[in-house]
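Student:
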């Protein structure tokens with residue numbers, strides 16, 4: 103029996119086009135089960151009616167996870183994250199490398215959580231940048247707590263001010279370990295000169311949650327103060343940020 107060869111056009115087409123009888127049916131995404139839709143709707147209604155303060159950490163986290171995992175019961179996952187990291191803020195602040203170790207959290211979900219963290223930081227920063235520090239001191243403290251209080255390692259930042267005490271720059275100078283961060287007073291002052299800053303506020307966090315300064319903290323602060331004053335730059339304060347409170351060197355007599 104002679105078979106007529108397919109034309110060149112058809113021979114260049116993928117073989118699966120000629121095997122339609124064996125092709126698998128296309129499965130369209132299904133809607134989340136009704137109980138998940140109801141659960142999500144109830145949480146959203148409570149959020150709208152009472153705000154975030156009316157919801158425990160794990161429920162607020164559920165709302166976030168629903169955006170990334172719309173067809174998954176995220177309640178157990180939210181509780182696991184809270185149990186692992188401690189609270190809502192520490193979940194968002196956790197490194198991606200630790201988040202993806204949690205069963206149910208892939209790289210995509212971890213990135214979504216970090217986007218929310220970055221948005222919170224940017225919102226808090228917008229309330230303090232290019233504004234007088236003295237009249238907006240509460241906003242400065244809120245910003246420092248938002249960006250630093252829930253970190254697992256120490257971070258050292260410097261707030262640079264102009265002659266009117268307006269915040270002109272907020273810069274991370276160094277990252278450290280769980281109980282130490284290297285600080286170089288000459289670099290701090292050098293950067294102040296580059297920015298034409300007239301005053302400084304030093305800020306770093308204690309991951310332990312206790313803002314009590316160490317002997318190294320006190321010595322380093324004195325070195326920065328001396329280096330700054332030699333160039334007519336004033337060190338307003340050094341803030342140590344704990345989990346739920348902060349310590350001011352100026353207010354406690356260390357400066």
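In our numbering, the protein residues as written are 103 to 357.
The beta-carbon is built from N, C-alpha and C at its ideal position, and this holds for glycine as well.
#1: From what residue to what residue does the alpha helix (DSSP H) around residue 216 run?
#2: Check whether the segment 304–312 touches the segment 244–264, taking contact to mean three or more Cβ pairs, one atom from each stretch, closer than 8 Å.
#3: Give me the Cα-Cα distance between residue 337 and residue 317, rounded to the nearest whole angstrom.
#4: According to the Cβ coordinates, are residue 326 and residue 269 closer than 8 Å?
#5: How about residue 259 and residue 275: are their beta carbons less than 8 Å apart?
#6: Would you tell me roughly how many angstroms separate the C-alpha atoms of residue 356 and residue 343, rounded to the nearest one?
#7: Can you tell me whether DSSP reads residue 307 as helix, strand or coil?
#8: Hey, how far is the Cα of residue 164 from the Cα of residue 322?
#9: What number of angstroms, rounded off, separates the C-alpha of residue 198 from the C-alpha of residue 161?
#10: Give the straight-line distance between the Cα atoms of residue 223 and residue 203, rounded to the nearest whole angstrom.
#11: Per DSSP, which one or two residues make a beta bridge with residue 348?
#12: Could you check whether residue 334 and residue 351 sit closer than 8 Å to each other, using their CB atoms as the reference points?
#13: Under 7 Å Cβ to Cβ from residue 313, same chain only, skipping five residues before and after it: list those, please.
#14: DSSP three-state call for residue 129: helix, strand or coil?
#15: I'd like to confirm the pairing. Which residues does DSSP put opposite residue 327 in its beta bridges?
#16: Would you report the Cα separation of residue 331 and residue 176, rounded to the nearest angstrom?
#17: Give the secondary structure of residue 277 by DSSP, where H, G and I count as helix, E and B as strand, and everything else as coil.
#18: Rounded to a whole number of angstroms, what is the C-alpha to C-alpha distance between residue 293 and residue 201?
#19: Are residue 300 and residue 261 touching if we call contact CB-CB under 8 Å?
#20: Considering only residues of the same chain and omitting the five flanking positions on each side of residue 157, which have a CB-CB separation below 7 Å?
#21: Pull up the distance between the alpha-carbon of residue 196 and that of residue 271, whole angstroms please.
#22: Suppose the cutoff is 7 Å on Cβ atoms and the five residues either side in sequence are ignored; what does the same chain contact list for residue 192 look like?
Tutor: Reading off the structure:
#1: 209–228
#2: yes
#3: 19 Å
#4: no
#5: yes
#6: 15 Å
#7: strand
#8: 43 Å
#9: 21 Å
#10: 24 Å
#11: 343
#12: no
#13: 342, 343, 344, 347, 348, 349
#14: Unreliable positioning characterises residue 129 in this predicted model, as indicated by a pLDDT of 46, which lies under 50. A coordinate reading is not provided.
#15: Paired residues: none, contrary to the question.
#16: 54 Å
#17: strand
#18: 35 Å
#19: no
#20: 148, 149
#21: 25 Å
#22: 252
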